[in-house]
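Single-structure report; data block below.
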Amino acid sequence: MLHFALYTFVTGESITPGATGKKQLSGLFLTVLAAGIILAGAWTAVGAEPIATRHYFMARWGRYFMKNWTRAFALLAVAALGACTTVNTTAAGAVGIARQQSFLVSAEAVQSAAGEAYAKTLTEGRGKGALNNKPVMLARVQAISRRLIAQVGVFRPDAPGWKWEINVMDTPEINAWCMAGGKIMVYWGLIDKLKPTDAELAALLGHEIAHALREHTREAVSRSVGQQLVLAGLAAAAGASQSTVQIANAVAQVTYTLPHGRDQETEADRIGLELIARAGYEPRAAVTFFQKLARAAPSKGPSFLSTHPQSEARAVDLQSYIAKVQPLYDASAKP
Numbered sequence: 018m019l020h021f022a023l024y025t026f027v028t029g030e031s032i033t034p035g036a037t038g039k040k041q042l043s044g045l046f047l048t049v050l051a052a053g054i055i056l057a058g059a060w061t062a063v064g065a066e067p068i069a070t071r072h073y074f075m076a077r078w079g080r081y082f083m084k085n086w087t088r089a090f091a092l093l094a095v096a097a098l099g100a101c102t103t104v105n106t107t108a109a110g111a112v113g114i115a116r117q118q119s120f121l122v123s124a125e126a127v128q129s130a131a132g133e134a135y136a137k138t139l140t141e142g143r144g145k146g147a148l149n150n151k152p153v154m155l156a157r158v159q160a161i162s163r164r165l166i167a168q169v170g171v172f173r174p175d176a177p178g179w180k181w182e183i184n185v186m187d188t189p190e191i192n193a194w195c196m197a198g199g200k201i202m203v204y205w206g207l208i209d210k211l212k213p214t215d216a217e218l219a220a221l222l223g224h225e226i227a228h229a230l231r232e233h234t235r236e237a238v239s240r241s242v243g244q245q246l247v248l249a250g251l252a253a254a255a256g257a258s259q260s261t262v263q264i265a266n267a268v269a270q271v272t273y274t275l276p277h278g279r280d281q282e283t284e285a286d287r288i289g290l291e292l293i294a295r296a297g298y299e300p301r302a303a304v305t306f307f308q309k310l311a312r313a314a315p316s317k318g319p320s321f322l323s324t325h326p327q328s329e330a331r332a333v334d335l336q337s338y339i340a341k342v343q344p345l346y347d348a349s350a351k352p
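Residue numbers (our numbering): 18 to 352.
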């Protein structure tokens, strides 16, 4: 099972005992590679030179671990957490979300880092005179967001109690995101250029809120930290610390520039559909919104498409799940 966990942790794609042979072999390769790198790092850490007998090897290792048992234990704990700890962050909902997730960084650390990154974004926006300059647009985004937030308890009972924030940045990028802990930002350029209906804007916001509910940023940051520890070897890993600055930088990078994986995008699509249906917005608007997005000319700087790659398979998946959430929409109170 270790190679299943390593494959998921490093690539971000789920793997099970029934997975394809290619994924199985990839997982085994990663396990062997990680073991080799850690052993090589350990060899470098003890300053060992080539030796002729296994008894000398065992003596050197024995002395090293006796002198550094706390660091060795810390490394083993990190390795165990990174490779073996799995959890499902949300309830399945009507759309049936069931993928197990692996984490190396705590939810509290990521939410704290996200709060700092969001506060920095707000400060920079105010400094440029670009934050919440359009009261009507801001009120619209906040009203739709709040209808969606009212539904998040279906997937996470703790999420309604998050310190949600909703703001609009008056810049031309076609972009929007929701950081860990419910920190929402929509860019004026997206609304101005795509001219979404309320239901289409709800589809966008529902998708972004779904990323936060499923802690996709935490997954990506955990993979980044895990990869750094493995590549650094035993010496660096045993003394490594997850500083607030390190995690904050990783959270910002994941939010602004790095694309989500296929599993994450599919989950956000499906959870977003259920959220908008329960909130009283037409589910088919998710399809028309992404069609508008695909036709839009690329904007300067980070954009929604750069971090949310589209595909025909995703469009087909959206269509199939609309039928599953349609009864929720039919029974919902409409805005």
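Backbone N, C-alpha and C fix where the C-beta goes; we use that ideal spot for every residue, glycine too.
Taking Cβ positions, are alanine 156 and cysteine 195 nearer each other than 8 Å?
-> No; because the gap between Cβ atoms is not below 8 Å, this pair is not in contact.
In the structure shown, what three-state DSSP assignment does isoleucine 114 receive?
-> coil
Output the distance between the C-alpha atoms of phenylalanine 46 and glycine 297, rounded to the nearest integer angstrom.
-> Any reading at phenylalanine 46 needs caution, since the residue's pLDDT is 47, under 50, leaving its predicted position unreliable; the model's value is listed next. Their Cα atoms are separated by approximately 48 Å.
Report, in whole angstroms, the separation of the C-beta atoms of valine 169 and glutamate 291, which I expect to be a contact under 8 Å.
-> In fact, because the Cβ distance is near 10 Å, the residues do not count as touching under 8 Å.
Continuous beta strand (DSSP E) stretch holding threonine 185: start and end = For the record, residue 185 in the displayed sequence is valine; it is not threonine. In the DSSP annotation of this structure, the continuous segment of the beta strand (DSSP E) that includes valine 185 starts and ends at 182–186.
Can you check whether the CB of asparagine 184 is closer than 8 Å to the CB of leucine 148?
-> yes
Identify the residues that DSSP records as bridge partners of alanine 193: which are they?
-> When beta bridges are read from the DSSP output, alanine 193 appears opposite Val203.
To the nearest angstrom, how far is it from the Cα of valine 122 to the Cα of alanine 130?
-> 11 Å
Is it a yes or a no for the region 302–316 touching the region 203–222, going by three-plus beta-carbon pairs under 8 Å?
-> yes
Can you give the Cα-Cα distance for arginine 116 and asparagine 105, rounded to whole angstroms?
-> 7 Å
Look at the alpha carbon of threonine 234 and the alpha carbon of arginine 279, and state the distance between them as a whole number of angstroms.
-> 14 Å
Entirely within the region 104–153 and at least 4 residues each: give me those alpha helix (DSSP H) ranges in chain order.
-> 124–144
Which residue from Ile226, Lys210 and Val171 puts its Cα closest to that of proline 189?
-> Cα-wise, what sits closest to proline 189 is Lys210.
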